[in-house]
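K.L.:
Shown below is the structure under consideration.
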Amino acid sequence: MKTMLYGCTLKKDIVVTSKFPWDIGIVSFMLFPELMKSSENASEKLRILIEDPFFELLEVLIIDDEEWKKIAEINAKYKKSFALGLQPVVLTRGVNPSAINEEERKKAVEILHAEARKAGERGYKAVGLCAGPNIDGPDKARALEALINTLIELGSEARKYNMNVYLETFDIAWDRRRLLGPYIETVKAIEKVREGGAKNVYIMWDLSHAPLLNEDPEVLKSYPEYLGHVHIGCAKKVNDKLLDTHPGFYRPGALNTEKDVARLLNVLHSIGYRGAISFEVRPEEGQNPLEILNSSKGVLLRAFQLFLDSI
């Protein structure tokens, strides 16, 4: 079942209708943050997304076998695709793929490989992760080398299951403070990963992180062949601080609007991008997940309209 999102525009008094050209995904563990702590009842939460014709791809965190069996039964009718998101494992569970201590790095690789294998056996399409903490000084080069080695090894493991690996870029100074953030710098690292034989490793670029990196979508035009996956959402500004909290569009302090999403769509169209685009939005206190889900759909529909009007 493919995404059924259409937009229309008026060209020389003719109404032109167009199907959205990219698969639409959703980061399920951000929409339902409790899934970052446990996969308990994951099947009932994911049922909402599996049965929704808007989505083709579900990005999930670690799910235990019992819950996965239920999810697979639900999905038998809908045939949605799945990808494994290991970013929270790196961000909150002490797993550091760029550790300069080789024993620590090997331990991280062991954990990442185990989850990638399970994802591959379940038929997932990809694995996403991020770099470890940013490091200043002479150790930064060593950390980058460690990350490159980890990605080469993870790429090799994922390739056994025909999966891609996506390294997501995060901010380097504001909030998450990861080792790799700016797109051009990340491309240089992925070049070395591919030289090491892992041709299935790509960059995941998140519109939510663009304000924290002082980037705009046009940066993707520099090396489009390294872009493998895209997230859309918002950063948050609180006083003079920029936060990576992924509030819904038009929430207080949210940075990015439908115009920014339309700008991104224009760039993706111009570079011939054919991957998926996933929402990464998180309910704030007192907010129902379905509220933020539906408002995000409206933003994408309006952004697609603006994109069609511009071409």
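Using this note's numbering, the first residue of the sequence shown is number 60, and each one after it goes up by one.
No residue lacks a Cβ here, since even glycine has one placed at the ideal position from N, Cα and C.
In this text, all values refer to a predicted model and were calculated from it rather than measured experimentally.
(1) As a quick exercise: from Ile73, Lys199, Lys96, Tyr183, pick the residue whose alpha carbon is nearest that of Thr151.
(2) Quick one: grab the DSSP three-state call for Arg237.
(3) Would you call Met263 buried or exposed, if buried means 16 or more other Cβ atoms sit within 10 Å of its Cβ?
(4) Can you tell me whether Pro306 is helix, strand or coil according to DSSP?
(5) Here's the rule I'm using: 16 or more other beta-carbon atoms within 10 Å means buried, otherwise exposed. How should Ser281 be labelled?
(6) Once you ignore the five residues that flank Leu296 on each side, which residues in its own chain have a CB closer than 6 Å to its CB?
(7) Closest to Glu103 by C-alpha separation, out of Leu301, Glu174, Ile133, would be which residue?
(8) Label Arg333 either buried or exposed according to how many other C-beta atoms from any shown protein chain fall within 10 Å of its C-beta, with 16 as the threshold for buried.
(9) On the criterion of 16 or more Cβ atoms from any shown chain inside 10 Å, does Tyr261 qualify as buried, or is it exposed?
(10) List the whole-angstrom C-beta distance separating Ala178 from Val168, where the pair is believed to meet the contact cut-off of C-beta under 8 Å.
(11) At 4 residues or longer, what runs of the alpha helix (DSSP H) sit wholly inside the segment 149-225?
(12) My assumption, with CB atoms under 8 Å, is that Asp303 sits in contact with Asp230. Please give the rounded CB distance.
(13) Which one of Leu120, Ile73, Trp81, Leu69 has the shortest CA to CA distance from Glu99?
(14) Going straight from the alpha carbon of Ala200 to that of Pro192, what length do you get?
(15) Does DSSP put Lys356 in a helix, a strand or coil?
(16) Along the beta strand (DSSP E) that carries Ile83, what are the first and last residues, could you check?
(17) Suppose the cutoff is 7 Å on Cβ atoms and the five residues either side in sequence are ignored; what does the same chain contact list for Leu210 look like?
(18) Are the beta-carbon atoms belonging to Glu115 and Ser140 less than 8 Å from one another?
(19) Is Ser337 helix, strand or coil when you go by DSSP?
(20) Tell me whether Ile370 is buried or exposed, calling it buried when 16 or more other Cβ atoms sit within 10 Å of its Cβ.
(21) With distances taken from CA atoms, which of Glu126, Glu204, Phe338, Cys67 is nearest Ala294?
(22) Restricting to Cα atoms, I'd like to know which of Val278, Ala269, Lys300 is closest to Ile5.
(23) Taking the alpha carbon of Ala217 as the point to measure from, which residue in Gly182, Thr228, Ser77 has its own alpha carbon closest?
P.N.:
So, to answer that:
(1) The residue you call residue 151 lines up with position 92 of the sequence shown. Of the listed residues, the one whose Cα sits closest to Thr151 is Lys96.
(2) Translated into positions along the sequence shown, residue 237 becomes position 178. Three-state result, Arg237: strand.
(3) Taking the first residue of the sequence shown as position 1, residue 263 is located at position 204. Buried is the call here.
(4) On the sequence shown, residue 306 is found 247 positions in, with the first residue counted as 1. Three-state DSSP puts Pro306 in coil, outside helix and strand.
(5) Numbered from 1 along the sequence shown, position 222 holds the residue referred to as residue 281. Ser281 should be labelled exposed.
(6) One-based indexing of the sequence shown puts residue 296 at position 237. The sequence as given places Lys at residue 296; Leu does not occur at that position. By the criterion of a C-beta distance shorter than 6 Å, Lys296 is surrounded in its chain by Gly312, Leu314, once the five residues flanking it on both sides are discounted.
(7) For the purposes of this step, residue 103 is taken as residue 44 along the sequence shown, with counting starting at 1. Checked all of Leu301, Glu174, Ile133; the closest Cα to Glu103 is Ile133.
(8) The count along the sequence shown starts at 1 and reaches residue 333 at position 274. Exposed, since its Cβ has fewer than 16 Cβ neighbours within 10 Å.
(9) Taking the sequence shown and counting its residues from 1, the one referred to as residue 261 is at position 202. Around the Cβ of Tyr261, a 10 Å sphere holds 16 or more other Cβ atoms; the residue is buried.
(10) Your numbering for residue 178 matches position 119 in the sequence shown. Your numbering for residue 168 matches position 109 in the sequence shown. Incorrect: roughly 15 Å between the Cβ atoms, too far for contact.
(11) Given a length threshold of 4 residues, each whole run of the alpha helix (DSSP H) inside the segment 149-225 is given here in chain order: 161-181, 198-218.
(12) Sequence index remark: in the sequence shown, residue 303 carries index 244 (1-based). Sequence index remark: in the sequence shown, residue 230 carries index 171 (1-based). Contact annotation, Asp303 with Asp230: C-beta distance approximately 6 Å; criterion of less than 8 Å satisfied.
(13) In the sequence shown, residue 99 corresponds to position 40, counting from 1. Nearest neighbour of Glu99 by Cα position, chosen from Leu120, Ile73, Trp81, Leu69, turns out to be Leu120.
(14) Position 141 of the sequence shown, counting from 1, holds the residue named residue 200. Position 133 of the sequence shown, counting from 1, holds the residue named residue 192. Whole-angstrom Cα-Cα distance: 13 Å.
(15) Residue 356 sits at position 297 when you count from the first residue of the sequence shown. The answer is helix: DSSP assigns Lys356 an H, G or I state.
(16) Here residue 83 refers to the residue found at position 24 of the sequence shown. Ile83 -> beta strand (DSSP E) spans 83-86.
(17) Taking the sequence shown and counting its residues from 1, the one referred to as residue 210 is at position 151. Counting only Cβ-Cβ distances below 7 Å, and skipping sequence neighbours, we find Val224, Leu226, Val252, Ala257, Val260.
(18) In the sequence shown, counting from the first residue as 1, residue 115 sits at position 56. In the sequence shown, counting from the first residue as 1, residue 140 sits at position 81. Cβ atoms of Glu115 and Ser140: closer than 8 Å.
(19) Taking the first residue of the sequence shown as position 1, residue 337 is located at position 278. Correct three-state label for Ser337: strand.
(20) As a first step, residue 370 is located in the sequence shown; it is residue number 311 there, counting from the start. Result: exposed.
(21) The count along the sequence shown starts at 1 and reaches residue 294 at position 235. Considering only alpha carbons, the answer is Phe338.
(22) Outside the shown range of the chain, which is 60 to 370, sits residue 5, and nothing can be said about it.
(23) As a working note, residue 217 is residue 158 in the sequence shown. Closest option to Ala217, Cα to Cα, is Gly182.
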